Every structure is written in structure tokens, then in C-alpha cells.
Amino acid sequence: MPAREELNGALALTRQKDKEKGVEAIYIDILINEALLKEKKEKLKQKIDQALDRNDREAFMELSARLREVEKELNA
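Number 36 in the UniProt record's numbering belongs to position 36 of the sequence shown; there are no gaps in the numbering.
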């Protein structure tokens, strides 16, 4: 029966590696999402500055609201 024990050990090792890959994939997704949100935040800040330069109150208010939402996502 040593062959069966070896198979069980190999199966357990395979399952552990699959779990680790799953955790790595989740971590990578989190990092990518954070990077995208930070980029979106910077673009919104630039657009807010442009709206201020144009004295465009409506655009400023809309962009500021969107910026607050992005910041909430980043801090969640």
C-alpha cells in the first residue's frame, strides 16, 4: 500500500499548490485593481484642475463626486 500513500501525499501537495496559486491570483487582482484606481484618481484630479481653470462648476462638482467614490474604493 505504499503506492496509495504516495498518491495521497501527491494529491495533498497538488491541492496545496492549487490553493497557493489561487491566493496569488487574488493578490495579483488586488494589485492590478489598486493600480487602476490610482491611475483613475490621478486622471480625475487633472480633470478637476482643468474644470477649475475653466470655471466650470458643473464639471468640477461631477468630477469631485467621482473622485470621492474612487477614494472610497481605494480605502475600502
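Even glycine gets a Cβ: it sits at the ideal position worked out from N, Cα and C.
Note that this is a predicted model, so its numbers are computed, not measured.
Please list, in chain order, all residues of the same chain as residue i whose beta carbon is under 7 Å from its beta carbon, the five residues on each side excluded.
{"i": "Ala-59", "result": "Ala-51"}
{"i": "Arg-66", "result": "Leu-44"}
Beta-carbon separation of residue i and residue j under 7 Å?
{"i": "Leu-37", "j": "Glu-73", "result": "yes"}
Tell me which same chain residues have a C-beta within less than 6 Å of the C-beta of residue i, skipping the five on either side of it?
{"i": "Leu-13", "result": "none"}
Closest to residue i by C-alpha separation, out of the options, would be which residue?
{"i": "Glu-42", "options": "Asn-55, Asn-75, Arg-15 and Glu-71", "result": "Glu-71"}
{"i": "Arg-68", "options": "Ala-3, Leu-7, Lys-17 and Lys-40", "result": "Lys-40"}
Report buried or exposed for residue i, applying the criterion of at least 16 other Cβ atoms within 10 angstroms of its Cβ.
{"i": "Leu-31", "result": "exposed"}
{"i": "Leu-11", "result": "exposed"}
Excluding the five sequence neighbours on either side, which residues of its own chain have a C-beta within less than 8 Å of the C-beta of residue i, listed in chain order?
{"i": "Glu-34", "result": "Leu-74"}
{"i": "Leu-63", "result": "Leu-44, Lys-47, Ile-48 and Ala-51"}
* To do: Report yes or no: do three or more beta-carbon pairs, one from the region 14-28 and one from the region 46-57, lie closer than 8 Å?
  => The region 14-28 is not in contact with the region 46-57.
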